[in-house]
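Quick note: the sequence shown uses the working numbering, first residue 23, plus one each step.
Glycine included, every Cβ here is placed at the ideal spot set by N, Cα and C.
Taking it in order: structure first as structure tokens, then the write-up.
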Amino acid sequence: MAPAVTTPSTVSSSSSASLAVATPSVAAAAAQLPTITVVNEADAAYERADYHDGWPAGPTGCSMREELLAESSQIPVTRAGCDVTGGQWYSAYDNATVTDPTLLEIDHLVALAGIGFALAVLLDTTIVRMLLVPATMELLGDRNWWIPKWLDRIIPKLNVDGPAHDTAPDRIGPTPQPGGPITLPPAVPAI
């Protein structure tokens, strides 16, 4: 039995192109649901030895993973050479305390944190600084620079460009009056 499919609807965009979208009915989707095969999850244990240990050497000559384990332990660690064999680590994410360092996968967390920081910087530079801020400034116009009167009284008045134009001393002489004579300043002697 063929599943029932609703007729395609036509959606037109601003470029006057049209797309045919076929959406199955609820009955057709429910009829096909039992035919989907679900595979059982593989129960292969993670073995660190199966993967390359890409940790660089730390200040003591041991891998940085071992240095991080030793530094982040709540109690002094026990070691067999460079390998950390015991300690106590607390996970704030799941409120668990771990004493076996082989159960800790800090190498994955460091990589995920790096990706998270890189993504945050990318979103901040592209979305926030290049799109949202300029668009908001264009939409708000002069209201971007509005400041509440109570805050304006508190903030000190700073003039980084030098004295204001209306308080600057006259360098060319008095301002000419409309229709009046123009007075030139005295000549500056040559040096």
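(message) Counting C-beta neighbours from all protein chains within 10 Å, is the total for Ser-95 16 or more, i.e. buried, or is it exposed?
(response) Buried, by the Cβ-count rule.
(message) Under 8 Å, with one C-beta from each stretch per pair, do the stretch 108 to 128 and the stretch 86 to 100 reach the 3-pair mark?
(response) With the cut-off at 8 Å, the stretch 108 to 128 and the stretch 86 to 100 touch.
(request) Take Leu-126 and list the residues in its own chain whose beta-carbon comes closer than 8 Å to its own, dropping the five residues that flank it on each side. (result) Cβ neighbours of Leu-126 beyond the five flanking positions: Leu-91, Trp-111 and Val-120.
(request) Specify, as a first and last residue, the run of the beta strand (DSSP E) that Ala-17 falls within. (result) A question about residue 17 goes unanswered here, because the residues of the chain that appear run from 23 up to 213.
(message) Let me confirm a value: Glu-88 is counted as buried when at least 16 other C-beta atoms fall within 10 Å, else exposed. Which label applies?
(response) Buried.
(request) May I ask you to report which of helix, strand or coil DSSP gives Ala-79? (result) Strand at Ala-79.
(message) Quick check: Gly-83 and Cys-104, are their CB atoms within less than 9 Å of each other?
(response) Inclusion of Gly-83 and Cys-104 in the CB contact set at 9 Å is warranted, their separation being smaller than that value.
(request) Assuming Val-106 and Pro-123 form a contact by the criterion Cβ under 8 Å, report the distance between their Cβ atoms to the nearest whole angstrom. (result) Yes, Val-106 and Pro-123 are in contact; Cβ-Cβ is about 5 Å, under 8 Å.
(message) Output needed for Thr-158: all residues of its chain with C-beta closer than 8 Å, excluding positions within five of it in sequence on either side, in chain order.
(response) For Thr-158, the CB contacts under 8 Å within the same chain, skipping 5 residues up- and downstream, are Asn-166 in chain order.
(message) Check for me: the alpha helix (DSSP H) holding Thr-107 runs from which residue to which?
(response) For Thr-107, there is no enclosing alpha helix (DSSP H); the residue is found in the beta strand (DSSP E) stretching over 105 to 108.
(request) For the alpha helix (DSSP H) containing Thr-119, list its first residue and its last residue. (result) Following the DSSP letters along the chain, one finds Thr-119 in no alpha helix (DSSP H) but inside the beta strand (DSSP E) bounded by residues 118 to 120.
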